[in-house]
Amino acid sequence: MELHESVTHKNGRQRKPVLPADNMRHQEDKSSDMDTEEEETLLWTEENHSKVRKGIKEELGSVLLLLFLYVLQGIPLGLAGSIPLIMQSKNVSYKDQAYFSFVFWPFSLKLLWAPLVDAIYFQQFGRRKSWMVPTQYLLGIFMLYLSVTVDSLLESDEHKGPDVITLTAVFFMLAFLAATQDIAVDGWALTMLSRENVGYASTCNSVGQTAGYFLGNVLFLALESADFCNKYLRFEPQEKGIVTLSDFLFFWGIVFLVSTTLVAILKKENNQKDLKKKKREETQGVMETYKLLFSIVKMPTVFTFCGLLLTAKIGFSAADAVTGLKLVEAGVPKAQLALLAVPMVPLQILLPLIISKYTAGPKPLDIFYKAFPFRLLIGLGYALLVWWTPSVKQEEGYPVYYYAVVLLSYAFHQVALYSMYVATMAFHAKVSDPVIGGTYMTLLNTVTNLGGNWPSTLALWLVDPLTSKECQGAASQTCGSPEEAGLCVKEGGTCVTVLDGYYVESVVCVVIGLTWWLLLGKRLRRLQEESPQAWHCKSSK
């Protein structure tokens, strides 16, 4: 359930309170991580491949280092995914949640500055370390700063709520730095390992980021929850969880600073002079890269495809972005929702393997088209789930069968989501110009991720304006704004929701989604019939 995706991966993001949502978006965002360095890898390894064949045991240290760096990268992403759930328990507005959802945009936009990270560096220090070391230091410093200030930023009372603007700014910087670190580590991964072992780089990426996200999100929310800790981990109940957000941030801030210092001192990049690869490893100029991206987008088939990608997920935005927050608002413990992500891991591993058998043919988007209406129906099912939730709440919490229903709903959602995701990635690989495959794939994946981000932000933004409330118990008072709601309560009244904007959005999104499927879905399928030349960039020939 993209339960909270403001989320993701959240591949991307994420992105991604089954933080599955963020987790999914997070995974989608990751899909383009390694592409832009593809050609570079082949170039630098070509010369030594015939001379040296290294076993994985000889490079185990490098593999473990890459895994650790990707784990570090997932920590701030997981923490960012947990903040909306914490804010929701403090009754922030959905407009505030929309502001915070911009935190999940940098991983989808990193293509905009990736050429700069590739082209600008200090040769003596190392091409990748020139960016990785400063960004990780800054990540550690930001975390230490947050460990001191985050409690006051999240503090709320009857007069004011959490400082959402400052929280958004700080966590946006964390996400931006993590995305920049990702670009640098991806590039270093492909030159750190020999050609026969370079396949482990993508494994480290996937496993490391997922593990880091799990630590920063699911594990943190569980250990931060007093209810969860008192129920499962303690003999005597206490008011707080085992860890606080401040403690967690301080610990990982220190880990970032210490580990980055050790990597900067002890780990050397390959000596480009000795390997005589300096020219081969130099990327094309920054302006040339941006011109190439622009020339790809200008092609009629690509332009049409990008337009379809940017609008395809509008129909899913209410279900993916708002559902999880609504469940927390209804009183479902965020730690319990977070833990529902755990039994989904085997399913998330198996689904791509199964679905890829059906997307390997000449028309992978047929699977996308067939899964589309089912995902829309699941969105309506989510709305029914939110409506049903308050009626099953008991004094001691929610019964086991309720969580079983939530888990089953999420499982169905994952099947539809992965069917569309794997089909899209297969089509990207099918049509990308092989001459500039890395840049081409990354561009298409970036557009795909953006197509999920902007509808989610808009969906969060519109919940409050579409919600209708009235003041009961106080004559002539209304509840149209926080100020008016305060006057209602002051006069002895109570603001009661007459129509929840989430249900309005759910219906509108399904209508928009069905319209898109009927009018534009066939147009998407027809793109599969275009000749390969229609997708090839002239400037790449």
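Here the working numbering is used: the first residue of the sequence shown is 1, the next is one more, and so on.
Just so you know, even glycine gets a beta-carbon here, dropped at the ideal spot from N, CA and C.
This one's a predicted model, so the numbers in the text were calculated from it and none came from an experiment.
Buried versus exposed call for aspartate 151 [16 or more other C-beta atoms within 10 Å across all chains shown]:
exposed
Going by DSSP in three states, lysine 334 sits in which element: helix, strand or coil?
helix
In angstroms with no decimal places, state the Cα-to-Cα distance between glutamate 47 and arginine 127.
Note that glutamate 47 scores 45 on pLDDT, short of 50, meaning its location in the model is unreliable; the coordinates nonetheless yield the value given after this. Each residue's Cα considered, the two are about 20 Å apart.
Proximity of leucine 376 and glycine 253 at Cβ, strictly below 8 Å:
no
Tell me the residue span of the beta strand (DSSP E) that contains threonine 478.
First-last for threonine 478: undefined, no H or E at that position.
By the DSSP assignment, the beta strand (DSSP E) with glutamate 491 in it spans what residues?
Unbroken run through glutamate 491: none, as it is neither H nor E.
Going by the beta-carbon positions, is the gap between proline 352 and valine 422 smaller than 8 Å?
yes
Quick one: complete beta strand (DSSP E) runs, 3+ long, within the stretch 165-237?
none
Delimiting residues of the beta strand (DSSP E) encompassing serine 546:
Because the chain here runs from 1 to 541, residue 546 falls outside it and cannot be looked at.
Within 10 angstroms of the Cβ of lysine 278, are there 16 or more other Cβ atoms? Answer buried if so, exposed if not.
Summary for lysine 278: the model assigns pLDDT 44, below 50, so the residue's position carries little reliability; its value from the coordinates is reported in the next sentence. Exposed: under 16 other Cβ atoms inside 10 Å.
Tell me whether arginine 523 sits in a helix, a strand or coil according to DSSP, three-state version.
helix
Would you identify the three-state DSSP class for leucine 499, choosing helix, strand or coil?
strand
Nonlocal neighbours in the same chain, by C-beta distance under 8 Å from valine 297, ignoring five residues either side:
Phe303, Cys306, Leu443
Nearest to tryptophan 188 by alpha carbon, out of Thr210, Asp227, Gly140, Ser130?
Ser130
Go to leucine 111, then tell me how far its alpha helix (DSSP H) extends in each direction, as first and last residue.
Per DSSP, leucine 111 belongs to no alpha helix (DSSP H) and is neither H nor E.
Could you tell me which residues DSSP pairs with glutamine 97 in its beta bridges?
Glutamine 97 pairs with nothing; no bridge assigned.
From which residue to which residue does the alpha helix (DSSP H) around lysine 267 run?
Segment: none, lysine 267 is in no alpha helix (DSSP H) and carries neither H nor E.
Using C-beta distances below 7 Å, list every residue in its chain close to leucine 146, excluding the 5 sequence neighbours before and after it, in chain order.
Val170, Leu249
Short Cβ contact (8 Å threshold) for leucine 466 with glutamate 505:
yes
Just confirm the distance between the C-beta atoms of tyrosine 99 and threonine 168, as a whole number of angstroms; I'd bet it's less than 8 Å.
5 Å
Can the beta-carbon of alanine 416 be found closer than 8 Å to that of isoleucine 354?
no
Would asparagine 230 and glycine 81 qualify as a contact pair, given that the criterion is a beta-carbon distance under 8 Å?
no
Residue range of the unbroken alpha helix (DSSP H) whose run includes valine 127:
Contrary to the premise, residue 127 reads as arginine rather than valine in this sequence. Where arginine 127 is concerned, there is no enclosing alpha helix (DSSP H), given that its DSSP letter is neither H nor E.
Assess contact between the stretch 195-215 and the stretch 63-72, defined as three or more Cβ pairs (one per stretch) separated by less than 8 Å. Is contact present?
yes
Where does asparagine 48 fall in DSSP's three states?
Unreliable positioning characterises asparagine 48 in this predicted model, as indicated by a pLDDT of 46, which lies under 50. A coordinate reading is not provided.
Using a Cβ-Cβ cutoff of less than 6 Å, which residues in the same chain neighbour aspartate 96 once the five nearest sequence positions on both sides are dropped?
Val164
Quick check on glycine 381: does DSSP put it in helix, strand or coil?
helix
Quick one: Cα of histidine 413 to Cα of leucine 340, how far?
13 Å
Burial state of glutamine 477 (16 or more Cβ within 10 Å)
buried
For glutamine 394, list the residues DSSP reports as bridge partners.
Gly397
Using three-state DSSP, classify alanine 244 as helix, strand or coil.
Checking the displayed sequence, the identity of residue 244 turns out to be threonine instead of alanine. Coil.
Please report how far the alpha carbon of proline 532 lies from the alpha carbon of aspartate 500, in whole angstroms.
48 Å
What is the rounded straight-line gap between the Cα of methionine 87 and the Cα of alanine 338?
15 Å
Please name the residue in Gly212, Leu245, Ala211, Thr210 whose C-alpha comes closest to that of serine 225.
Leu245
Contacts around alanine 335, its chain only, beta-carbon distance under 6 Å, and the 5 residues preceding and following it disregarded
Leu221, Ala222, Ser225, Phe228
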